[in-house]
Amino acid sequence: ITVLHQSRTLSFSLGGFPAWETARMWSAIPLCSAYLLALLGNLTVLSVITAERSLHAPMYLLLAALAVADLGLSTSTFPTMLRMLWLGARDISFGACLAQMFFIHAFADVESAVILAMAFDRYVAICHPLRYPSILTSSVTAKICVAIVVRSALVQLPLPVLLTWLCFTKVSKLSHPYCLHPDVIKHAGSDTRVSSTYGLFVLLSTLVLDLIFVLLSYFLILKTILNTVTWKERLKALNTCISHICAVLVFFIPMICLSMMHQFGKHVSAQAYAFTANLHFLAPPILNPIVYSVKTKTIRRRILRIGLTVCVRGYLGEIW
-4 ITVLHQSRTL SFSLGGFPAW ETARMWSAIP LCSAYLLALL GNLTVLSVIT AERSLHAPMY
56 LLLAALAVAD LGLSTSTFPT MLRMLWLGAR DISFGACLAQ MFFIHAFADV ESAVILAMAF
116 DRYVAICHPL RYPSILTSSV TAKICVAIVV RSALVQLPLP VLLTWLCFTK VSKLSHPYCL
176 HPDVIKHAGS DTRVSSTYGL FVLLSTLVLD LIFVLLSYFL ILKTILNTVT WKERLKALNT
236 CISHICAVLV FFIPMICLSM MHQFGKHVSA QAYAFTANLH FLAPPILNPI VYSVKTKTIR
296 RRILRIGLTV CVRGYLGEIW
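186 is the number that the working numbering gives to position 191 of the sequence shown; each next residue is one higher, with no gaps.
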């Protein structure tokens, strides 16, 4: 009971911006712009897929799920960063820290699993095109999305619960402007073997396993593409994967670097921690809708049509 009382009344001090004392207001402006861009981009993708009936197909439903994951990930990370830069509020309560940690890791797991589902979609479309309509139906895609959410929630829920049983006896400064499990657990004053082991299990069974299956999918895709007769067909098949490959690289490369830093980088600078963590959690919500909007003709045309309609209505409104 004493341990739980200490944990619940404790607060953490957010970090991650080494030069915030002199440039925090200037840093908040591009950060706020990035958050608004992430919201606008992902909400636009969602609205276009919802409004366009021709986009109610498995590939685009998974893209909508990716946009939801990006919205959740950005909304879980940006607010505390902006609060810290604008108001100078570094402290975050233990309960709020655990809640933020759960949602950040849960939405990261959702995004990882959605990227895996999209890799499976590309694999079936390229390697088994004739069976694609019967394998990936809308109902199957919906069941996949439900399974992704359930997996993420069930796997991530024990992490904050286990942390409540640890002893945190002092206000500790975190390495990031938001709460992450590997960062929080470093400041515990009691035995962390159970919590650390489960955290490693979660990492291996979700993000790492998803990455392995994504790489396996692309190995099979590449094998099929190389067996095609003409270079034109090969390039056409590869072109359908470019957007997804960008999503894979933007999400998994910073994640691998950040995990390696937490595990082995005892002498890594604060600037490197901040840059890698921010790149991992902030880049995908901003870049994914841009990449998919540019590469997907139907979405691009719909967005241009909406923009043109808004401009025309604005012009006519000024005339009248």
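Using N, Cα and C, we set each Cβ at its ideal position, and we do this for glycine too.
Residue i in three-state terms, based on DSSP
i	result
D86	strand
K168	strand
S8	strand
K231	helix
I(-4)	Unreliable positioning characterises I(-4) in this predicted model, as indicated by a pLDDT of 43, which lies under 50. The coordinate reading is nonetheless provided below. Three-state DSSP puts I(-4) in coil, outside helix and strand.
I240	helix
F98	helix
C252	helix
L161	coil
T225	coil
S28	helix
Y287	helix
A183	coil
V105	helix
Y173	coil
V43	helix
V263	coil
Residue i to residue j span [Cα, whole Å]
i	j	result
R296	L56	18 Å
T45	E228	31 Å
S71	L221	42 Å
P249	S69	16 Å
L215	T201	21 Å
N234	A52	19 Å
T192	L80	34 Å
T362	H182	In the structure as shown, the chain starts at -4 and stops at 315, and residue 362 therefore has no counterpart that could be examined.
V197	T293	37 Å
F98	L131	29 Å
L41	L111	20 Å
L66	P25	18 Å
S133	A33	27 Å
K231	R126	19 Å
R300	I237	24 Å
S194	K290	The question names Ser, yet the displayed sequence has Gly at residue 194. Their backbone Cα atoms lie some 36 Å apart in a straight line.
S2	L169	With a pLDDT of only 47 at S2, under the threshold of 50, the placement of this residue in the model should not be trusted; the figure read from the coordinates follows. Roughly 15 Å separates the two Cα atoms.
L50	K138	18 Å
S88	L5	6 Å
Start and end residues, alpha helix (DSSP H) containing residue i
i	result
L211	L204 to L221
A142	S133 to Q151
D178	H176 to I180
R188	R188 to L198
Y127	Y127 to I130
Practice task
Specify whether the segment 201 to 211 and the segment 110 to 120 touch according to this definition: at least 3 beta carbon pairs, one from each stretch, less than 8 Å apart.
Solution key: The segment 201 to 211 and the segment 110 to 120 touch, with no fewer than 3 CB-CB distances between them shorter than 8 Å.
For the segment 155 to 167 against the segment 80 to 94, do three or more pairs of beta-carbon atoms, one drawn from each stretch, fall closer than 8 Å, so that the two count as touching? They touch, by the three-pair rule.
| request: Evaluate the contact criterion for the segment 263 to 282 versus the segment 237 to 246: three or more CB pairs, one atom per stretch, below 8 Å. | output: Yes: the two stretches touch, three or more of their Cβ pairs being nearer than 8 Å.
State whether the segment 167 to 187 contacts the segment 66 to 81, with contact taken as three or more CB pairs (one from each stretch) at a distance under 8 Å. They touch, by the three-pair rule.
**Q.** Cβ contact check for the segment 101 to 110 and the segment 143 to 153: 3 or more pairs under 8 Å
**A.** In short, these stretches touch, since the Cβ pair count reaches three.
Review point. Can you list the beta strand (DSSP E) stretches of 3 or more residues lying completely in the segment 49 to 75, in chain order?
Key: Secondary structure within the segment 49 to 75: not one fully enclosed beta strand (DSSP E) run of 3 or more consecutive residues is present.
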